[in-house]
Structures are given as C-alpha cells and as structure tokens.
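Be aware that the sequence shown starts at -7, since it is given in this note's numbering, and climbs by one per residue.
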Amino acid sequence: MTKTLSFGLLHLGTSFTVTYALTGSMAVAGAVTFVEPLANTVLHYFFDKYWDHPRARGWRAQWRPGHAVPEA
C-alpha cells in the first residue's frame, strides 16, 4: 500500500509540475491535477466493462503472441 500511495503522490506532483510548466497558471495546474485522476477513474470503469465484453474477449484472443495479425 505504501508503494501505491507513493506512486499516487508522484503522479499528482508530475501532473501539477507539467501542467504548470506548460500553462504558467497555478489555478489551471491545480485543477488539472485533480480532474485528470477523476477522469481516469471514470474511464477505467468503462474500460473494465468493455474488457469483459464477449466481443472484446474474442478480439483479444486473435492478438495472442505468435499469431498472425488478421487482415482488415
């Protein structure tokens, strides 16, 4: 759990620093720092739902290592 919390804090610090460097605004950097993880959490929920979908399982099965890439 310590590693997870440490990585979370590192992620927040990186997000703030990069956004501040790009915008020069502490307000924008602060907003992005907290909105981005929230957006990722919501996106992850839907990603997990799709990942478990039978069609997605079939698609992933076609992309196993050692198998040819299917033609489009």
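Quick reminder that beta carbons are idealized off the backbone N, C-alpha and C, glycines included.
- So, helix, strand or coil for D40, using DSSP? helix
- Message: Rounded to whole angstroms, what is the Cα-Cα separation between A53 and H45?
- Response: 12 angstroms
- Item | Range of the contiguous alpha helix (DSSP H) that encloses G5 | T(-6) to T15
- Item | Three-state secondary structure (DSSP) of R65 | Residue 65 is absent from the model: the chain starts at -7 and stops at 64.
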